[in-house]
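In the numbering used here, the protein residues as written are 1211 to 2188.
Worksheet for the structure shown next.
Listed below in structure tokens is the structure:
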């Protein structure tokens, strides 16, 4: 056992105030997957594809819905053969299968109680067909990722759900998700050109294959006959045909697409339509070919305020007629609640209750079309009764991207504000429904009255252009009286929607578990029975996703409701939406931010010392705490701003012994000596050899602790020069602070980063000064990232006091040459400062080196030569600082072609975490590295030495600072190379 192995007990929750939860995982499941299921699937697929531990089962048990079902086993399928093997096994053993990708479904579609198959990890990819008019996309690809590639061709996907950052193509098609602009004409049903899918029997169908009909007839004769019989029965009933067509005049994802029987002439064509919106109950969609749409880049947007809901609703058809692509509504309660979200105007808190806002957007392919749209919009505005009850309201259209982004942030703040402020311990349900757009105002008012009467917060927002409204419900699923209140609300809400408005109970979120009992209420007995027959024809053994879409239990929507036990304050607001997951470096290695919180919540559901809690605590150290990069990019994606990186650092701190904390503080107090020793060690290492150093450090890691002793990597550079360049304080335009990593590790170039920064600043007439006493100072990230609070406090206060002196009380900016250190000094040190030093910090201007170069140097420099191509690695710190555009600007001055990989993300090297757990960096960079190594680049650029080392390790290429390349490009006497 390592000498300093942390005790898992430090991660065990304290006494639970409420006691064990009614929906806790029972002790019988503590051993994970039972036999013979475990050994049979492991033998069939291999141990690496079958997750069986209790921590694995629990982390997959939750999705973005209010439901929670713990699977018996999780299979991580790599290809169609794996999927077919699982389906064949399920048929033979009488088992059930549910497919899960992103887990952003809002109604429990991604949850199963038997075999759950992960079809995200190995299923991403996009192939652009032709000039982009079509795209072949893997089901594990997020909508945002697909659109990044399509944007280069001036194209975009039709569906645009609000969860686009996280939701995957397979889920979008399986739920027929739409979004702000898709409506009924740009959704998956209308824009999918072809599908490849695996039927429950294991038969694989490519609807684009010319021989698909003959193949299907041969492979599945009963299925073909059954589909054509249902088609004939529907077409023979004129009243039913009319009803089906009428149901899809507005947005509707409740039940199966019966219009597929009208739109398709053959079994394959019918299946292509039925698979859209089937929620994984008919088969697994392994590939989608979309007809893409033009990406109109000329955008004009307004946030318009009205005195009442009826006044706003009356304007919706006018903007629709003028060509608006999006018209979004927010009621007064939503607007006022949104002030809790950063960036939303504070004066909205004073808006009158009746105030309603419309967010209206036009998109055009060119300037002329944009002007025509703006003229049409101006005509509409002239006849409207708008109000400006607070100073921030402008009621004007704008083309400014930043302002438009703020408007959309306010619109999307609906979930953030209402969901994030819900009472602790309550489950959140996101509902959506649709009514004829002409009855929008009436439906809004009826919904608000219903929410109030049943004791729920009254607020509504949605896609007004399509009559599609959203609302949230929060209640405690552990209290029977709260569940009864929810049940009563749902009964009345469903009757209201159907009987008063003839609306859709699910407009874009799909039926799932919570509307399945109300399917017949909306569709009637005849149409509902046809849906049951369709399921029987396609999946006669009921293998796929039972109780999703179809369920005869009138209380099915009350089964499996998850409790939300209170956890640590930093994570307690989590709504388990999953938006954080694609940004997480450990997503494909261990756990994601959502899963870290889900696991913690299950610990809190358990009685102290239960076998399940023991298993979860034991796994949590590595799976959650050690392999968290701590980069906090999850906070940027989270709609309620949760920083799971900071959460994991708290656990790291909790696992430290007092001795470790004292040692860490000692190194901070004596960092000048530590820094010099580290530089000497790196210099000596260069003479020893990588193989020996790797062996020695691996042995030390086993003896001491893997999370304390870094492993030597061959990519670690030589030592930096002992002395920094000479500079003068007199006449300096800024104080230049070389980060400690750049004082320890050298640059692979002919000049060091410090030399390059000094030279290029002087060349631009903006000379910088390096203080003589920078040695022994640090941004404190070394201690902060590991949860050493005392060491962080020592160094945070030291660097701020030093910086205040160097900059003459903040009169000069402090330029920092590593983005993570810029972030550390500018923001992360603040909680650790004394009151006096916090006041000093307010006087400082901290500037990242790439911002300094882009804003202060580039305008005054002459480029003498450029490289042909450069690939960039924007660091996670740059994302936090908002500096990515400046990185690109500097690179574009130095290279003829600049590429940011579509899959660029956090490298997870995270200071030295990539040396403590190199598997984390290898997993985090896998996709980006594949892009980088797929072609030649003349330069590989970033702006953080440790991230550059991480990318060196991931790609085998030599990364270095863009500042060094800028110095090369602007060095006098250097001419353009041939």
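We put the beta carbon where it would ideally sit given N, CA and C, even for glycine.
Who are residue i's beta bridge partners in DSSP?
i: residue 1389; result: 1370
i: residue 1944; result: 1978
i: residue 1680; result: 1642, 1671
i: residue 1347; result: 1336, 1498
i: residue 1504; result: 1365
i: residue 1573; result: 1509
i: residue 2176; result: The partner list for residue 2176 (beta bridge, DSSP) is empty, contrary to what the question assumes.
i: residue 2170; result: 2151
i: residue 1608; result: 1511
i: residue 1327; result: 1285, 1309
i: residue 1540; result: 1567, 1671
i: residue 1929; result: 1955
i: residue 1754; result: 1307
i: residue 1352; result: 1378
Which residues mark the beginning and the end of the beta strand (DSSP E) in which residue i is found?
i: residue 2078; result: 2077–2082
i: residue 1497; result: 1494–1501
i: residue 1249; result: Element bounds for residue 1249: not the beta strand (DSSP E) but the alpha helix (DSSP H), 1247–1255.
i: residue 1824; result: No beta strand (DSSP E) holds residue 1824; the alpha helix (DSSP H) holding it covers 1821–1830.
i: residue 1402; result: 1402–1408
i: residue 1711; result: Residue 1711 -> no beta strand (DSSP E), and no H or E assigned at all.
i: residue 1414; result: 1414–1416
i: residue 2105; result: 2105–2109
i: residue 2056; result: 2056–2058
Could you check how far apart the C-beta atoms of residue i and residue j are, in whole angstroms? I think they sit under 8 Å.
i: residue 1316; j: residue 1281; result: About 19 Å; that fails the 8 Å criterion.
i: residue 1293; j: residue 1261; result: Actually they are not in contact, since the Cβ atoms of residue 1293 and residue 1261 sit about 16 Å apart, beyond 8 Å.
i: residue 1471; j: residue 1460; result: 20 Å between Cβ atoms; not a contact.
i: residue 1521; j: residue 1675; result: Between residue 1675 and residue 1521 the Cβ distance is about 16 Å, and since that is not below 8 Å, they are no contact.
i: residue 2063; j: residue 2179; result: That belief does not hold up - the Cβ atoms of residue 2063 and residue 2179 are roughly 11 Å apart, past 8 Å.
i: residue 1375; j: residue 1348; result: Not confirmed; about 17 Å, so no contact.
i: residue 1359; j: residue 1336; result: 5 Å
i: residue 1670; j: residue 1544; result: 7 Å
i: residue 2172; j: residue 2091; result: Wrong, their Cβ atoms sit about 15 Å apart, outside the cutoff.
i: residue 1987; j: residue 2009; result: 5 Å
i: residue 1949; j: residue 2026; result: 6 Å
i: residue 1230; j: residue 1817; result: 4 Å
i: residue 1673; j: residue 1538; result: 6 Å
i: residue 1935; j: residue 1970; result: Rounded, the Cβ-Cβ distance is 12 Å, inconsistent with contact.
On the DSSP letters alone, give me the boundaries of the alpha helix (DSSP H) that residue i sits inside.
i: residue 1596; result: Premise fails: residue 1596 is in no alpha helix (DSSP H) and is neither H nor E.
i: residue 2119; result: Careful: residue 2119 lies outside any alpha helix (DSSP H) and carries neither H nor E.
i: residue 1861; result: 1854–1865
i: residue 2046; result: 2045–2052
i: residue 1440; result: 1431–1445
i: residue 1748; result: 1729–1748
i: residue 1483; result: 1477–1485
i: residue 1725; result: Unbroken run through residue 1725: none, as it is neither H nor E.
i: residue 1768; result: Looking at the DSSP string, residue 1768 is not in any alpha helix (DSSP H), and its letter there is neither H nor E.
i: residue 1530; result: 1519–1532
i: residue 1696; result: 1690–1705
i: residue 1868; result: 1868–1879
So, do the stretch 1945–1952 and the stretch 2013–2030 have three or more beta carbon pairs nearer to each other than 8 Å? Yes: the two stretches touch, three or more of their Cβ pairs being nearer than 8 Å.
So does the stretch 1775–1782 actually touch the stretch 1849–1866, counting three or more Cβ pairs closer than 8 Å? Counting Cβ pairs under 8 Å, three or more are found: they touch.
Where in the stretch 1979–2038 do unbroken runs of the beta strand (DSSP E), each at least 3 residues long, occur, reported from the N-terminal end onward? Within the stretch 1979–2038, the complete beta strand (DSSP E) runs of at least 3 residues fall at 2024–2026.
Counting Cβ pairs closer than 8 Å, one from the stretch 1514–1525 and one from the stretch 1594–1606, do we hit at least three? Touching, per the Cβ criterion.
Would you check if there are 3 or more beta carbon pairs closer than 8 Å linking the stretch 1625–1637 to the stretch 1494–1503? Touching, no, given that fewer than three Cβ pairs across the two stretches are closer than 8 Å.
Contact between the stretch 1485–1495 and the stretch 1380–1390: three or more CB pairs below 8 Å? Taking 8 Å as the limit for Cβ pairs, the verdict is that the stretch 1380–1390 does touch the stretch 1485–1495.
Three or more C-beta pairs under 8 Å: does that hold for the stretch 2075–2084 against the stretch 2144–2158? Contact between the stretch 2075–2084 and the stretch 2144–2158 is present: 3 or more CB-CB pairs across the two stretches fall below 8 Å.
Extract the residue ranges of the beta strand (DSSP E) inside the stretch 1269–1322, only unbroken runs of 3 or more that lie entirely within it. Secondary structure in the stretch 1269–1322: the beta strand (DSSP E) runs of 3 residues or longer, each lying completely within the stretch, are 1283–1286, 1307–1310 in chain order.
4 or more residues per run - each alpha helix (DSSP H) lying fully within the stretch 1790–1821: Entirely contained in the stretch 1790–1821, the alpha helix (DSSP H) runs reaching 4 residues are, in chain order, 1803–1815.
Would you say the stretch 1334–1354 touches the stretch 1678–1687, given that touching needs at least three Cβ pairs under 8 Å? No contact exists between the stretch 1334–1354 and the stretch 1678–1687.
Quick check: the stretch 1743–1750 against the stretch 1297–1308, are there 3 or more CB pairs under 8 Å? Touching, no.
Does the stretch 1547–1561 touch the stretch 1612–1627, meaning 3 or more C-beta pairs lie closer than 8 Å? Cβ pair count under 8 Å is three or more, so yes.
Is it true that the stretch 1755–1762 meets the stretch 1243–1253, where meeting means three or more beta-carbon pairs spaced less than 8 Å apart? Fewer than three beta-carbon pairs drawn from the stretch 1755–1762 and the stretch 1243–1253 are found closer than 8 Å, and the two stretches are therefore not classed as touching.
Closer than 8 Å is the cut-off here; do at least three beta carbon pairs connect the stretch 1988–2007 with the stretch 2042–2050? Taking a contact to require three or more Cβ pairs closer than 8 Å, the stretch 1988–2007 and the stretch 2042–2050 qualify as touching.
Tell me whether the stretch 1611–1622 and the stretch 1551–1568 touch, counting them as touching only if at least three CB pairs, one residue from each stretch, are closer than 8 Å. These segments touch.
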